[in-house]
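Student:
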Amino acid sequence: MKIQPGVGYTFDSSSKGFTFDTSEQFPSRDGLGATHPFQVINVRINAGGNVIYQVQSGRINNIVPLLDDYISSTTVLLDRVTAGVADPPTAELTLANYDATTKTSYIVLRSGPDATTNDFPSSDVTSARYPQVIGGNDPAPTDTDTQAFVIIGTITVDNVTTPTTFTVSQNVTGSLWGDRIKVGTDTALYFYARI
Amino acid sequence: MGFLIGDSVTFATWGAIRSVINNGEGLGAGYSFNVEYATGLYPTDGYFIRAWNTPRTFFGQPSLQPLFSGGYQLIAGGINTQDQAQIVGETATFDTSETLTVTTDAFTGGQSFTPTVAPAYVLSLGKFTRIT
Chain A
0 MKIQPGVGYT FDSSSKGFTF DTSEQFPSRD GLGATHPFQV INVRINAGGN
50 VIYQVQSGRI NNIVPLLDDY ISSTTVLLDR VTAGVADPPT AELTLANYDA
100 TTKTSYIVLR SGPDATTNDF PSSDVTSARY PQVIGGNDPA PTDTDTQAFV
150 IIGTITVDNV TTPTTFTVSQ NVTGSLWGDR IKVGTDTALY FYARI
Chain B
0 MGFLIGDSVT FATWGAIRSV INNGEGLGAG YSFNVEYATG LYPTDGYFIR
50 AWNTPRTFFG QPSLQPLFSG GYQLIAGGIN TQDQAQIVGE TATFDTSETL
100 TVTTDAFTGG QSFTPTVAPA YVLSLGKFTR IT
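Protein chains in written order, with numbering that gives the first Met the number 0: chain A, 0 to 194; chain B, 0 to 131.
Structure follows, in structure tokens:
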């Protein structure tokens, strides 16, 4: 049996035996090597054979987005800090999250203006317009008056049903300012600036 | 001193430096990081023109509208010189269907004209069209 280094444990071997230390099962964010907000980090394949990933916390207009945490099956804030669980939270990609042609999942920040105040984005965490990071299958999601999309990174796999290797690329390298501008009946336009 | 962009409460990026032209029908409505223009003139081949703006200090929507003050004038305000150059020589068509060729006078105190019917707003102007 050969044991390789991995995330969440340390492994030491000598002529007297080996030690397997899982006391840092959920490493700190620094331990994940993130260098900037919204960095797609710690991409790996879980026991179920699906790609899982984490996203370093960032902000859009000073609001921390949500991520669909596959472990708890709930949407949680990227800056969640909870003892005993992985921080930032972990998302999972399944077949529906990939573009079949490019074998790529587009890690997208989705936001929308508040339905009541019109502020962008909504700060109502219970609203679908509150910023959320999702794994999309569309390389160019179409903005609407109520939803805006910006791709923060991509994960491309060798096989969308049984991935064994993956490539990660990063589009956004910092938190964002974003403005929504709507003219007449035209669909609103959204502009982002990295900060 | 340079201008600071990236506000924390209001238009932060393009919203702070780009606008449509106020056509005398009303100003845009501003929210946090969101601005909506229900009326005005905007370029048909692009997005917006530069706002009359000192970020974080002042935001002014450029304007071009027919006004009556003892006589009719087409008066512009807050339109930078480069955008003015795109407008001078263009034909302004008013809501009354009357037309006027824009001169530099519109940007320097007002371009006088004598309509047969009182206009309310500019319907089209070269590359600009009225928001509907």
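By construction, the Cβ of each residue, glycine as well, lies at the ideal position given by its N, Cα and C atoms.
Leaving aside the five residues before and after A:Gln-53 along the sequence, list all residues of the same chain whose C-beta is less than 6 Å from its C-beta, in chain order.
Tutor: Cβ neighbours of A:Gln-53 beyond the five flanking positions: Ile-40, Asn-41, Pro-87 and Thr-89.
Student: DSSP state of B:Ile-16, grouped into three classes?
Tutor: Helix.
Student: Straight-line CA distance for A:Arg-58 to B:Gln-85?
Tutor: Using only the alpha carbons, I get a separation of about 39 Å.
Student: Mind checking whether A:Asn-60 and A:Pro-120 have CB atoms under 8 Å apart?
Tutor: Yes, the pair counts as a contact, with Cβ atoms nearer than the cut-off.
Student: Closer than 8 Å, CB to CB, is B:Gly-125 near chain A or not?
Tutor: Output row for B:Gly-125: interface = no.
Student: Can you give me the Cβ contacts of A:Tyr-177 inside the same chain, cut-off strictly under 8 Å, excluding the 5 residues immediately before and after it?
Tutor: First, the residue type needs correcting, since residue 177 of chain A is Gly and not Tyr in the sequence shown. Around A:Gly-177: Ile-59, Asn-60, Ser-110, Phe-119, Pro-120, Ala-147, Val-149, Tyr-189, Phe-190, Tyr-191 and Ala-192.
Student: With 8 Å as the threshold, decide whether the Cβ of B:Phe-32 is near any Cβ in chain A.
Tutor: By this cut-off, B:Phe-32 is an interface position.
Student: Any residues in the region 0–29 of chain B with a beta carbon nearer than 7 Å to a beta carbon of chain A? Which ones, in chain order?
Tutor: Residues passing the 7 Å Cβ filter: Gly-5, Ser-7, Phe-10, Ala-11, Thr-12, Trp-13, Gly-14 and Val-19.
Student: In three-state DSSP terms, what is B:Thr-80?
Tutor: B:Thr-80: helix per DSSP, three-state reduction.
Student: Between which residues of its own chain and A:Val-75 is the CB-CB distance below 6 Å, once the five residues before and five after are set aside?
Tutor: Hits under 6 Å: Asp-68 and Pro-88.
Student: Suppose you measure from the CA of A:Asn-117 to the CA of B:Thr-9; what does that come to, to the nearest Å?
Tutor: A:Asn-117 and B:Thr-9: Cα-Cα distance of roughly 12 Å.
Student: Tell me which residues share the same chain as A:Ser-104 and place their Cβ nearer than 6 Å to its Cβ, disregarding the 5 neighbours each side in the sequence.
Tutor: Here the set comprises Leu-92, Asn-96, Tyr-97, Gly-134 and Ile-154.
Student: Starting from the beta carbon of B:Ile-130, find every residue of chain A whose beta carbon is closer than 9 Å, and list them in chain order.
Tutor: The answer, in chain order, is Val-182, Gly-183, Thr-184 and Asp-185.
Student: Which residues share a DSSP beta bridge with A:Val-54?
Tutor: A:Val-54 pairs with A:Val-39.
Student: Residue range of the beta strand (DSSP E) that B:Phe-93 falls in?
Tutor: 90–93 is the extent of the beta strand (DSSP E) around B:Phe-93.
Student: A:Asn-96 by DSSP, collapsed to three states: which one?
Tutor: Of the three classes helix, strand and coil, the one that applies to A:Asn-96 here is helix, per DSSP.
Student: In chain A, which residues lie with their C-beta within 7 Å of the C-beta of B:Tyr-71?
Tutor: Per Cβ cutoff of 7 Å: no residues; B:Tyr-71 is ~26 Å from chain A at best.
Student: Going by DSSP, name the residue or residues bridged to A:Leu-188.
Tutor: Note: A:Leu-188 sits in a beta bridge opposite A:Ile-180.
Student: Report the rounded CA-to-CA distance for B:Ile-130 versus B:Tyr-41, giving the unit in angstroms.
Tutor: Taking the straight line from one Cα to the other gives about 7 Å.
Student: So, with DSSP's three-state summary, where would you put A:Ile-44?
Tutor: In the structure shown, A:Ile-44 sits in a strand (DSSP, three-state: E or B).
Student: In the DSSP assignment, what are the bridge partners of A:Asp-67?
Tutor: DSSP output for A:Asp-67 lists A:Thr-74 as bridge partner(s).
Student: Compute the Euclidean distance between the alpha carbons of A:Phe-165 and B:Ile-78, then round it to the nearest angstrom.
Tutor: If you take the alpha carbons of A:Phe-165 and B:Ile-78, they lie about 51 Å apart.
Student: Note down, in chain order, all residues in the region 119–132 of chain A with a beta-carbon under 8 Å from any beta-carbon belonging to chain B.
Tutor: Within the region 119–132 of chain A, the qualifying residues are Phe-119 and Pro-120.
Student: In whole angstroms, what is the alpha-carbon distance linking A:Ala-82 and A:Gln-55?
Tutor: Each residue's Cα considered, the two are about 17 Å apart.
Student: For chain B, check one thing: does any of its Cβ atoms lie closer than 8 Å to the Cβ of A:Asp-178?
Tutor: Chain B contact via Cβ: present.
Student: Please identify the residue among B:Ser-96, B:Glu-97 and B:Val-101 whose C-alpha is closest to the C-alpha of B:Val-87.
Tutor: For the residues B:Ser-96, B:Glu-97 and B:Val-101, the minimum Cα distance to B:Val-87 belongs to B:Val-101.
Student: Enumerate in chain order the residues of its own chain whose CB-to-CB distance from A:Arg-128 is below 8 Å, with the five nearest sequence positions on each side excluded.
Tutor: Correct list, in chain order: Ser-110, Gly-111, Pro-112, Asp-113, Ala-114, Pro-120, Ser-121, Thr-145 and Gln-146.
Student: Check the Cβ of B:Glu-35 against every Cβ in chain A and list those closer than 7 Å, keeping chain order.
Tutor: Per Cβ cutoff of 7 Å: Lys-181.
Student: Using only CA atoms, which one of A:Val-124, A:Asp-142, A:Thr-143 and A:Thr-163 lies nearest to A:Ile-62?
Tutor: If we check each option's Cα against that of A:Ile-62, A:Val-124 comes out closest.
Student: With a CB to CB cut of under 7 Å and the five nearest residues on each side skipped, what residues in its chain are close to A:Gly-48?
Tutor: Closer than 7 Å at the Cβ level, and outside the excluded window around A:Gly-48, lie Thr-161.
Student: In the structure shown, what three-state DSSP assignment does A:Ala-85 receive?
Tutor: Residue state, collapsed to three classes: coil.
Student: Contact defined as beta carbons within less than 8 Å: I believe B:Leu-26 pairs with B:Val-121. What is the distance between those atoms, to the nearest angstrom?
Tutor: 16 Å between Cβ atoms; not a contact.
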